[in-house]
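First up is the structure itself, then whatever we jot down about it.
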Amino acid sequence: MKFLVADDHELIRQGVKGLLRGLDADAQFDEADSWETLAAAARPDANHDLAIVDLHMPGMAGAASLEALLKGNPALPVVVLSAEESPDEMRAVLAAGALGFVPKRQPASVMLKAIELVLSGGAYVPMEALSLLGSHGEPSSATAAQASPENPSVSAAAAAPAGVQALQPHQRHLMENLSPRQQDIMRLVHRGWTNKMIARELGMAEGTVKVHLSVIFRALAVRNRATAIAVINGWLEAGKTL
1 MKFLVADDHE LIRQGVKGLL RGLDADAQFD EADSWETLAA AARPDANHDL AIVDLHMPGM
61 AGAASLEALL KGNPALPVVV LSAEESPDEM RAVLAAGALG FVPKRQPASV MLKAIELVLS
121 GGAYVPMEAL SLLGSHGEPS SATAAQASPE NPSVSAAAAA PAGVQALQPH QRHLMENLSP
181 RQQDIMRLVH RGWTNKMIAR ELGMAEGTVK VHLSVIFRAL AVRNRATAIA VINGWLEAGK
241 TL
């Protein structure tokens with residue numbers, strides 16, 4: 001996978017890169033420490049899977065800069081890191097198109113879960129920001145609550161897509177543990193599709209598919225595609241091997 005890490009403090013950049021290597025040991029990185037270097041690095045042909053951006057680097061104009069960045073590269077998933085936690089800033093960042101807002105005071109585990117969630121096709125919003133959401137162009141409070149890794153109380157069944165309900169009971173139970181994007185990937189794996197075919201079909205980088213599969217295998221307690229298919233089909237119990 002390829003990430004863009006933008007923060008004017010090298011120590012924070014190195015810390016974020018260390019977290020991301022936990023997702024992909026072979027991850028590649030571009031770095032930026034100002035608006036000028038960020039704008040130059042975030043070009044569409046750089047093919048970043050995710051950008052982690054400090055909103056208050058030199059030259060940045062807050063959410064207005066983020067909006068300009070995404071106007072030039074609308075397909076770039078962005079998670080904002082910020083020492084500021086004002087309601088106005090959270091609202092502006094989400095309205096500008098960021099898929100996540102993580103206060104810098106949060107522990108590394110929360111940041112990692114937020115990044116995993118965005119890579120899975122979701123959005124991360126701090127619990128304290130839920131009351132701010134629901135206006136046009138922003139996630140609803142219900143969606144944000146389902147998406148937040150800090151709020152596991154929302155049942156998977158309530159959030160499951162209609163297609164999941166058509167599965168057999170044992171299959172539905174397992175698939176409900178996966179995000180909608182991961183369910184899409186698992187259905188294509190079930191058909192025998194390769195990572196390259198899945199990436200092309202779902203419009204994502206092949207490296208992103210690999211990360212999703214790692215998360216899927218962990219959720220199903222398996223080590224490979226064949227075992228995952230066997231578990232989903234009910235031929236094998238989760239945690240067993242072929």
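All the letters of the sequence shown, read from the start, carry residue numbers 1 to 242 under full-length UniProt numbering.
Virtual Cβ for every residue (Gly too), placed ideally from N, Cα, C.
Within its chain, find whatever has a CB closer than 6 Å to the CB of residue 188; leave out the 5 residues flanking it on each side and keep chain order. Hits under 6 Å: 198.
Please report the distance separating the alpha-carbon of residue 59 from that of residue 35. For residue 59 and residue 35, the distance between alpha carbons rounds to 5 Å.
Status (buried if at least 16 other CB within 10 Å, exposed otherwise) for residue 194: exposed
For residue 119, is the classification buried or exposed, using 16 other Cβ atoms within 10 angstroms of its Cβ as the cut-off for buried? buried
Contiguous beta strand (DSSP E) assignments of at least 3 residues, all confined to the UniProt domain "Response regulatory" (2-119): 2-6, 28-32, 50-54, 78-82, 100-103
CA-CA distance, residue 157 and residue 81? Reliability of the predicted coordinates at residue 157 is poor, the pLDDT of 30 falling under 50, and the value obtained from them is presented with this limitation in mind. Spanning the two alpha carbons is a distance of roughly 31 Å.
Taking just the CA atoms, how far does residue 220 sit from residue 186? 11 Å
What does the Cβ neighbour count give for residue 245, buried or exposed, with the cut at 16 atoms within 10 Å? Because the chain in this structure spans residues 1 to 242, residue 245 falls outside the shown range and cannot be described.
Excluding the 5 residues flanking residue 256 on each side, which residues of the same chain have their C-beta closer than 6 Å to its C-beta? With the chain covering only 1 through 242, there is no way to say anything about residue 256.
I'd like the list of long-range same chain contacts for residue 57, defined as Cβ closer than 8 Å, with 5 residues on each side in sequence excluded. Same-chain partners within the cutoff: 6, 7, 8, 32, 33, 34, 35, 38.
Spatial neighbours of residue 29 within its chain, please: C-beta separation below 8 Å, excluding the five flanking residues on both sides. 2, 3, 4, 5, 17, 20
Provide the residue span of the alpha helix (DSSP H) that contains residue 207, from first to last. 206-220
Could you tell me the alpha carbon to alpha carbon distance between residue 228 and residue 216, rounded to whole angstroms? In a straight line, the C-alpha of residue 228 is about 8 Å away from that of residue 216.
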